[in-house]
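Asker: Can you read through this structure? Questions will come right after.
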Amino acid sequence: MPPRSGTSRKSDASRRKSRPSDVQPGDPVPQRAKRRYRPGTVALREIRKYQSSTDLLLRKLPFARLVGAFWSMGAR
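Using the working numbering, the first residue of the sequence shown is number 1, and each one after it goes up by one.
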């Protein structure tokens with residue numbers, strides 16, 4: 001590796017200065033950005049969730065009406 005230059009630097013911590021005028025009491029605290037999952041990850045999680053559950057995904061009465069409508073169309 002080539003030798004480094006002879007200039008030395010102080011650490012960043014000693015050069016940083018807090019600016020009290022930037023943050024006022026009562027200012028809203030910034031929120032973290034919401035977690036973004038890769039496309040399809042949440043869909044696969046939902047598929048696993050609904051395949052493992054036994055609860056009904058559609059209400060009984062609206063589903064019965066829909067089936068009845070198709071049934072009457074097929075009977076004609």
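Just so it is clear, CB atoms sit at the ideal spot from N, CA and C, and this is done for glycine as well.
A quick note: this is a predicted structure, and the numbers were derived from the prediction, not measured.
#1: Alpha helix (DSSP H) containing residue 50: first to last residue?
#2: May I have the straight-line CA-CA distance separating residue 37 from residue 45, to the nearest angstrom?
#3: Would you mind giving the Cβ-Cβ distance between residue 57 and residue 50, rounded to the nearest angstrom? I have them listed as a contact below 8 angstroms.
#4: Quick one: what's got a C-beta closer than 8 angstroms to residue 23's C-beta in the same chain, skipping five residues either side?
#5: Rounded to whole angstroms, what is the Cα-Cα separation between residue 65 and residue 35?
Answerer: Checking against the coordinates, here is how it stands:
#1: 41-52
#2: 11 angstroms
#3: 7 angstroms
#4: none
#5: 40 angstroms
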